[in-house]
Each structure stands twice: as C-alpha cells, then as structure tokens.
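Notes to accompany the following structure.
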Amino acid sequence: MDSTQIRSTFLEFYISHGHRPIMGSTLLPPPDDPVLYTTSGMHPLTSYFEGRPHPDGTRLVNLQRCLRTTDLDEVGDDTHLTVFGMLGSWSLGDYDGDQSLRWGYELLTDGFGIDPRLLHVTVFGGDGQVEPDHCSERVWESLGVPIERTTGDNWWSNGPTGPCGPDSEIFYWTGTSDPTGTPGSNDRWVEIWNHVMMRCRRHDDGRLTRLVQRNVDTGMGLERLTMVLQGCSSVFDSDLFSGWRDDLRRIWRLEGKDLCVGMDHLRSSYVVIGDQVRPSNTGRGYVLRRLLRRTLTMLWRTDPTITLDDLPGDLVDITGEQFGMHLDREQTRGVLREEERRFSGLLRRGRPLVDKLILHGPIGEQELRWLHHTHGLPRDLVQQLTRERTDSP
37 MDSTQIRSTF LEFYISHGHR PIMGSTLLPP PDDPVLYTTS GMHPLTSYFE GRPHPDGTRL
97 VNLQRCLRTT DLDEVGDDTH LTVFGMLGSW SLGDYDGDQS LRWGYELLTD GFGIDPRLLH
157 VTVFGGDGQV EPDHCSERVW ESLGVPIERT TGDNWWSNGP TGPCGPDSEI FYWTGTSDPT
217 GTPGSNDRWV EIWNHVMMRC RRHDDGRLTR LVQRNVDTGM GLERLTMVLQ GCSSVFDSDL
277 FSGWRDDLRR IWRLEGKDLC VGMDHLRSSY VVIGDQVRPS NTGRGYVLRR LLRRTLTMLW
337 RTDPTITLDD LPGDLVDITG EQFGMHLDRE QTRGVLREEE RRFSGLLRRG RPLVDKLILH
397 GPIGEQELRW LHHTHGLPRD LVQQLTRERT DSP
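When the letters of the sequence shown are read in order and numbered with this note's numbering, they come out as residues 37 to 429.
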C-alpha cells in the first residue's frame, strides 16, 4: 500500500463501524490550553471525554497533525519525528476497550495484512492505586497475541492532571529473524498503535476519580505505520518522504542522519508556518526558530554557502497535500529566507564575543545571561559557538 491507501483504509474501516469522520484541526491548541502545540489526536477532544456532547456523535475517527518537542533530540533515528500525522479513533461513552482492541486486531491483520506472529502487546499491570487491566489481557489472550505487563509505560495521561487511564500498546517486529524477546527487552519491537481506556481524572493532589463516562482513545502514527507496511527500515524511507529525500540528496548531497534531520526539520517547519506561526525567541515561535537554526547549523557545518532558497517549491505543495493544508509557496519561502538572514547576522556578531570570553576561561551562567540579555544570543547558540571554538584546531 502507498500512504494514501493506508490513510483511506484506516478511515474507511472505522466509518464502516459507525464512526463519523471529523476534520483534523490546527497544530495550535485553544487559547486557554497551556501547551504550545497539539501533541496527540485526542488533545482537541479533551472536553468531550468529560461528558460534553460532541456534535458528530459518540464514535469518531480522523487524521490529526501533531508536534512533539520531546522527541526533538531523537530525530534522526528510525522512528521519531517532530511533526507527524496521527490516525485516531474514539468512543465517547459508547463501546469499551475490549471492542476497540478486537477491531484494532482485525484492521491490522485483515485490513493491512500484517502477520499476527509479528505482533506483541503490552498492558497495564497495576500500580497499587489501580488494579491490572485484566479486561485487555483476556482479549489479547483470546486472540493469541503475546502480552507483556508494565506499569508506568501503560498508563496514559495528557499532562499532570486531567483525563487519563490504562492503555494497551501494540508492537510490530522489525527484525530480520523470527521475533524474540518482548517490547521491554528488544528494541526491534516498534510501537505502532496505542489504545487508551480513558476512564479516570487525575486531580492536582494526585487523586484519581472516575470520569462520568468510559471512553476509548486510540492513536497510530501514519508515518510509522507506513514504514511498517512498506517494509522500510526507517520512517524516512517510506513514500511520505520520497520527494524530500530525492531533493535534499540532489541539491545538498545529504546522507545518513543529516539527511533525516534535514527532512524532518524542514518538513515540520513548513507545517508550523502553514499554521501561521512565525520565528521568535519565545513560545511556539521559538520551536520554529530552533528547527530552522538547527538545520542551518547542520548545513553550514560542511558548506557555509548553502541557502534555504535552494529548496524546490514543489516541496511546499507536497507537504501541504500530506497534511491537508494550503501552504503558500512564496509565504513559506519568505519566512525561511528572513530567518536565515537573521541567523547569519547573529552568527557574525556572536562569534567574536564568544571567542573573546573563551580566552578568559569557560563560559558560565553569568556570561550566558549577559550574552542573552545584552546581545540577544540565546543559550543554545552560545553553546554551539563554544563547541565550534573548542573543537577547532
């Protein structure tokens, strides 16, 4: 299957089981939400888990674009991304977790053709406050899927307070030999789908109480699922990245981890810009600024003449189509061009200052604050310039 077929197979399966498709929303959460970006498919639906009626009913399905800054330093490995598409299904006080797991198994094995022998699951094993998830265990035992019990890894929450509950994670074997070990002992087991039994609310004092209704929230990364179904060893080898992969290899000769980081950070930047975020020194804008400056730092490390103006315009169109957005070519390229200009000027001003300070010893907290407040040099940039200085012969 190509990624378009994978997306439609997921959505059509749940539609055939009475789910209403809802539009995936922006990366930006509502104004009263403290998080910077939407991190999961359920994020925009939080109030509906607490009993508020959803206008489209109690069974929902969609594809939601998400951004996770917690994975930023892991980008470049086989499975982590900054911005990605999340396939999700929800029961808002309708069916329970056992039905969700059975449908999930059916879709993976019959709909996507995955060999059941390549699946492993984890379930919540209890923690002294909440008993083990025996219901999910019984379902997986009846389906013949091997089970691993965990505690912290199988309790899902969207933050320190709010809706939460036990979850069951489904893993796929990506090794070249027969499956061995468990997800907790062998990293060739890659998580592809999470089914959360959203039944509880965590309060400020740590107490758990029951929600007014029993909900189910599932989330499966489109890029990771596509990697698995297309037999790729990395998310970056799937057809979702083919345009980016071919162009970055051609124009900048990138390979390996640099190629992966470049694809992720630039693709993510396009999506963030499309949601009307602009580079800044704080909040959402700083995430975008960090993505672009990390990319430029990597590129200029080997060739200081590289410019983001080299990027073909069709990459804007490809990215917009994948995420269901209208991205304006000139607007997107203009944001990249301006941020590159600002960063280049900052580097020119910053290097002599850092070089001078290093002559008098290591740069400490006081110097970092002075460089930031007086000269506008952020901490990570100073640390980068320091590494450049100390690593040079």
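Beta carbons are placed, not taken as given, at the ideal position from N, Cα and C, and that holds for glycine.
Spanning the alpha carbons of D283 and D273 requires a straight line of approximately 14 Å. Comparing alpha carbon positions, the residue from D38, G349, E259, G412 closest to G370 is G349.
In the structure shown, the three-state DSSP call for Y50 is helix. Within the model, the alpha-carbon separation for L258 versus L123 is close to 6 Å.
In this structure, T158 sits away from F120, with a CB-CB distance that is not shorter than 9 Å.
Taking S52 as reference, the option from R250, V97, G198 with the minimal CA-CA separation is V97. Rounded to the nearest angstrom, the gap between the Cα atoms of G180 and E142 is 13 Å. A distance below 8 Å between beta-carbons, with the five flanking residues on each side excluded, links R378 to the following residues of its chain, in chain order: P315. Judged by DSSP in its simplified three-state form, D294 adopts helix. Per DSSP, E142 is not a residue of any beta strand (DSSP E); the alpha helix (DSSP H) it occupies stretches across 133-142. Per DSSP, reduced to three states, the secondary structure at V181 is coil, with no helix or strand assignment. Rounded to whole angstroms, N190 and D203 show a C-alpha spacing of 5 Å. Shown here, S127 sits in a strand according to DSSP, grouped into three states.
Apart from sequence neighbours up to five positions away, the residues of its chain that approach L265 with a beta-carbon distance below 7 Å are M37, I42, F148, ordered along the chain. Spatial neighbours of C171 in its own chain (CB-CB distance under 7 Å, excluding positions within 5 residues in sequence) are listed in chain order as G133, D134. Contact between R101 and L63 holds: their C-beta atoms lie close to 6 Å from each other, under 8 Å. Fully enclosed beta strand (DSSP E) runs of no fewer than 3 residues occupy 183-186, 191-193, 198-209, 225-238 of the region 168-255, in order along the chain.
DSSP places T158 inside the beta strand (DSSP E), whose first and last residues are 155-160.
Put simply, the backbone Cα of L108 is about 28 Å away from that of R185.
In this structure Y306 does not touch T343 by the C-beta definition: roughly 16 Å separates them, more than the 8 Å allowed.
From the listed residues R373, P80, S83, I58, the smallest Cα separation to R329 is found for R373. Nearest Cα to G93 within the set L81, L99, L103: L81. T368 has its alpha-carbon roughly 7 Å from the corresponding atom of I309. Under the DSSP assignment, Q266 falls outside any alpha helix (DSSP H); it carries neither an H nor an E label.
Annotation: the continuous beta strand (DSSP E) that includes V97 extends over 95-103.
Within the region 275-341, the runs of alpha helix (DSSP H) at least 4 residues long that lie entirely inside it are, in chain order, 278-288, 292-310, 319-338. With respect to R246, P196 sits apart: the two C-beta atoms are not nearer than 9 Å.
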